[in-house]
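Novice: Let me give you the structure first, and then I'll get to my questions.
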Amino acid sequence: MRRAQLLLLFIACAFAGPAAAEYPDHPIRMIMPQAAGSSTDTVTRVLAAALSDELHQQVVVDDRPGGALTLGLDLTAKSPPDGYTLCMGPMGALAITRHLVVPLPYDVQRDFQPIALVARGQLPLAVSPVTTFHSVPELIAYAKANPGKLLNASSCNGSPGHVGGELFKFMTGADIVHVPYKGGALAINDLMAGRVQVMFESLNSIAPFARSGAVRALAVSGDHRSTAFPDLPTVAEAGVPGYSAPTWSGVIAPAGVPRPTVDRLNAAINRAIQSQAMRQFQASIGDEPAGGTPEEFAALIAADSRKWGEVIKRAGIRLE
Numbered sequence: 519m520r521r522a523q524l525l526l527l528f529i530a531c532a533f534a535g536p537a538a539a540e541y542p543d544h545p546i547r548m549i550m551p552q553a554a555g556s557s558t559d560t561v562t563r564v565l566a567a568a569l570s571d572e573l574h575q576q577v578v579v580d581d582r583p584g585g586a587l588t589l590g591l592d593l594t595a596k597s598p599p600d601g602y603t604l605c606m607g608p609m610g611a612l613a614i615t616r617h618l619v620v621p622l623p624y625d626v627q628r629d630f631q632p633i634a635l636v637a638r639g640q641l642p643l644a645v646s647p648v649t650t651f652h653s654v655p656e657l658i659a660y661a662k663a664n665p666g667k668l669l670n671a672s673s674c675n676g677s678p679g680h681v682g683g684e685l686f687k688f689m690t691g692a693d694i695v696h697v698p699y700k701g702g703a704l705a706i707n708d709l710m711a712g713r714v715q716v717m718f719e720s721l722n723s724i725a726p727f728a729r730s731g732a733v734r735a736l737a738v739s740g741d742h743r744s745t746a747f748p749d750l751p752t753v754a755e756a757g758v759p760g761y762s763a764p765t766w767s768g769v770i771a772p773a774g775v776p777r778p779t780v781d782r783l784n785a786a787i788n789r790a791i792q793s794q795a796m797r798q799f800q801a802s803i804g805d806e807p808a809g810g811t812p813e814e815f816a817a818l819i820a821a822d823s824r825k826w827g828e829v830i831k832r833a834g835i836r837l838e
């Protein structure tokens, strides 16, 4: 009997395959759907360095801009769900563009696995220094008294600044004309010069100009004041109750990644965003570290998709 048991054990060992390698055992690709040097790209690179330390494997950033953020997400959706392809998903890609590009080559809810929310941000409401507005009520009063005379710049059609501006118009009844640009830098230049008068733009892009007085910041778009500009009220505090247009970004993966791998990545990202390098960088641009579970991130994507889908439909926004 003893001899038979030993024989069976020998046979089992002989036919057993090699032990599965522990994840991750080779470098991970982090796809970035925006251009190198963009604010989201910069955050992604700082996160990738911190995440490399946590996972003990290199996380390589792969910039894949184009197609109104769809090129990088499509590549992610069609990658093997093995945890070795991740993607930094900004709010625009996951909650806004899906309502503007028809048909999309992927389904946000079906084809992606949310991993973790990385950062929350704000959009300062800024005006040209040549204007006489020093508060949100003054801006609203002028817009109502002079319909169609104010121009609201944005970095592009369908950007968070664009839809945030449309929400502002709906909630205030202000008649302000949207002017899309090909990039935030061009729009900010025209705002400084007075060729456009109003702009909602990311803190990372416009904060230096607001601090120097080259543009005049009136408020921030989020649910609470920004740590970068604590003296600025929120738009809601400044006279538009209920207004809320924060921004965010987080890491996603192709759908079907095994749950143990999802949990491993989620825990590593939650630690990485609390690293000194991430906290210092986010503080420098006014973003706030986020974190949380995959389910919480999925719920945020769904809620903001519904919200901005309604705004886009009401405004009749179309990509050109």
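Residue numbers for the sequence shown follow our numbering, beginning at 519 and rising by one. Here a beta-carbon is modelled for each residue, glycine too, at the ideal position from N, C-alpha and C. As the structure is a prediction and not an experimental result, all values here were calculated from the model.
Run through the DSSP bridge pairs and tell me what residue 696 is partnered with.
Specialist: Paired residues: 670.
Novice: Hey, how far is the Cα of residue 717 from the Cα of residue 683?
Specialist: Straight-line Cα distance between these residues: approximately 8 Å.
Novice: What is the DSSP secondary structure of residue 556, counted as helix, strand or coil?
Specialist: Reduced to three states, the DSSP call for residue 556 is coil.
Novice: State the Cα-Cα distance for the pair residue 769 and residue 604, rounded to the nearest angstrom.
Specialist: Those two C-alpha atoms are separated by around 7 Å.
Novice: For the region 719–747, which segments carrying the alpha helix (DSSP H) assignment without a break, of at least 4 residues, lie completely within its bounds, in sequence order?
Specialist: Whole alpha helix (DSSP H) segments, 4+ residues: 721–730.
Novice: Exposed or buried, what is residue 629 when buried is set at 16 or more other beta-carbons lying within 10 Å of its beta-carbon?
Specialist: Burial call: buried.
Novice: What are the complete alpha helix (DSSP H) segments, minimum 4 residues, inside the region 611–677?
Specialist: Taking only runs of at least 4 residues, the alpha helix (DSSP H) segments lying wholly in the region 611–677 are 626–629 and 654–663.
Novice: Among the residues of its own chain, which have a CB less than 8 Å from the CB of residue 519, if the five just before and after it don't count?
Specialist: Residue placement at residue 519 cannot be trusted, given a pLDDT of 47 that sits under 50; the coordinates are not used to answer.
Novice: Using a threshold of 8 Å, state whether the C-beta atoms of residue 798 and residue 738 are closer than that.
Specialist: Cβ atoms of residue 798 and residue 738: not closer than 8 Å.
Novice: Could you give the C-beta distance for residue 692 and residue 658, rounded to a whole number, given that I count them as a contact under 8 Å?
Specialist: Confirmed, Cβ separation roughly 5 Å.
Novice: Run the CB neighbour count on residue 794, radius 10 Å, all protein chains shown included, and call it buried at 16 or more, exposed below.
Specialist: Burial call: exposed.
Novice: Tell me residue 771's beta-bridge partners as DSSP assigns them.
Specialist: DSSP lists 631 as partners of residue 771.
Novice: Determine the contact status of residue 613 and residue 819, defining contact as a CB-CB distance below 8 Å.
Specialist: Cβ distance < 8 Å, so residue 613 and residue 819 count as in contact.
Novice: Can you name the residues that DSSP bridges to residue 752?
Specialist: Bridge partners of residue 752: 738.
Novice: Once DSSP output is grouped into helix, strand and coil, what is the label at residue 580?
Specialist: Strand, per DSSP.
Novice: For residue 762, tell me which candidate among 565, 703 and 825 has the shortest Cα-Cα distance.
Specialist: Here the closest residue by C-alpha is 825.
Novice: Determine, for residue 785, whether the minimum Cβ-Cβ distance to residues of chain D falls below 8 Å.
Specialist: The structure shown contains no chain D; it is built from a single protein chain.
Novice: On the CB-based measure, 16 or more other CB atoms within 10 Å of its CB, does residue 490 come out buried or exposed?
Specialist: Because the chain is modelled from 519 through 838, residue 490 falls outside the range shown and cannot be assessed.
Novice: For residue 522, I'd like the list of residues in its chain whose CB is within less than 7 Å of its CB, leaving aside the five on either flank, ordered along the chain.
Specialist: At residue 522, the pLDDT of 48 sits below 50, so the modelled position is not reliable and the matter cannot be decided from this model.
Novice: Starting from the Cα of residue 699, find the closest Cα among 671, 714, 720 and 725 and give me that residue.
Specialist: Closest option to residue 699, Cα to Cα, is 671.
Novice: What is the DSSP secondary structure of residue 811, reduced to helix, strand or coil?
Specialist: The answer is coil: DSSP assigns residue 811 none of H, G, I, E or B.
Novice: DSSP three-state call for residue 545: helix, strand or coil?
Specialist: Correct three-state label for residue 545: coil.
Novice: Grab me the residues of residue 811's own chain with a C-beta within less than 6 Å of its C-beta, minus the 5 sequence neighbours each way, in chain order.
Specialist: Excluding sequence neighbours, residue 811 sits near nothing in its chain.
Novice: Could you tell me if residue 621 is buried or exposed, where buried requires 16 or more neighbouring beta carbons within 10 angstroms of its beta carbon?
Specialist: Exposed is the call here.
Novice: Taking contact to mean at least 3 C-beta pairs separated by less than 8 Å, is the region 573–593 in contact with the region 544–560?
Specialist: Result yes; three or more Cβ-Cβ pairs closer than 8 Å.
Novice: Residue 702 to residue 673, Cα distance in whole Å?
Specialist: Taking the straight line from one Cα to the other gives about 4 Å.
Novice: According to DSSP, is residue 716 helix, strand or coil?
Specialist: Residue state, collapsed to three classes: strand.
Novice: Keeping to the same chain, check which residues put their C-beta closer than 8 Å to that of residue 557; ignore five residues upstream and five downstream.
Specialist: Closer than 8 Å at Cβ, skipping near neighbours: 720, 722, 723 and 803.
Novice: Sorted by chain position, which residues of the same chain lie with C-beta nearer than 6 Å to residue 646's C-beta, five sequence neighbours on each side aside?
Specialist: Result list for residue 646: 709, 712 and 715, in chain order.
Novice: Kindly indicate which three-state DSSP category residue 757 falls into: helix, strand or coil?
Specialist: Coil.
Novice: Between the beta-carbon of residue 654 and the beta-carbon of residue 564, is there less than 8 Å?
Specialist: Result no, Cβ atoms of residue 654 and residue 564 do not sit closer than 8 Å.
Novice: Would you mind working out which of 785, 817 and 779 sits nearest residue 539, comparing C-alpha positions?
Specialist: Ranking 785, 817 and 779 by Cα distance to residue 539 puts 779 first.
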